[in-house]
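Q: With the sequence shown counted from 1, adding 8 to any position gets you my numbering. In this text, a Cβ means the ideal position worked out from N, Cα and C, and glycines have one as well. Got a structure for you, written out below as structure tokens; questions coming shortly.
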Amino acid sequence: MTWSFLCLLLVIASVSYVFYLPGKLFPGPETTRAGYLRERKDAVYENLRDLNFEYKAGKVPDSDYESMRSSLEEEAAAIMAEIARLEQAASGVAALRPPERSERI
Numbered sequence: 009m010t011w012s013f014l015c016l017l018l019v020i021a022s023v024s025y026v027f028y029l030p031g032k033l034f035p036g037p038e039t040t041r042a043g044y045l046r047e048r049k050d051a052v053y054e055n056l057r058d059l060n061f062e063y064k065a066g067k068v069p070d071s072d073y074e075s076m077r078s079s080l081e082e083e084a085a086a087i088m089a090e091i092a093r094l095e096q097a098a099s100g101v102a103a104l105r106p107p108e109r110s111e112r113i
């Protein structure tokens, strides 16, 4: 009887510990599409640097190097084009917005 009670108490404590949520959760900063694209651009550039290093070290054959380099460069170009498009759209929206007037009392 006491062992079953202790086991039940242990199970309840374990389940409540695993599924307990504190009163306030602090999510990370909200990411935007432009922020995601900048992070992806940095990752692609880092991959290009790594690929160049491995090619110069002789770890990657010429044919593989050319194909991987061209695909990474195409991806980088697509990312840069989308970033430029988003920034242009943001500046166009800012230009269309009427200037704020300061009201004097």
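What would DSSP say about LEU7, mapped onto helix, strand or coil?
A: Any answer about residue 7 is impossible in this case: the structure gives the chain only from 9 up to 113.
Q: Rounded to the nearest angstrom, what separates VAL19 and LEU29 at their Cα positions?
A: For the pair VAL19 and LEU29, the Cα-to-Cα distance works out to about 18 angstroms.
Q: Counting C-beta neighbours from all protein chains within 10 Å, is the total for VAL23 16 or more, i.e. buried, or is it exposed?
A: exposed
Q: Please name the residue in ASP50, GLY66, GLU62, PRO69 whose C-alpha comes closest to that of GLU81.
A: ASP50
Q: Are the beta-carbon atoms belonging to ILE87 and ARG41 less than 7 angstroms from one another?
A: no
Q: Tell me the DSSP secondary structure of LYS64 in three-state form.
A: helix
Q: Out of ASP70, GLU38, VAL52, LYS32, which one is the CA nearest neighbour of GLU83?
A: VAL52
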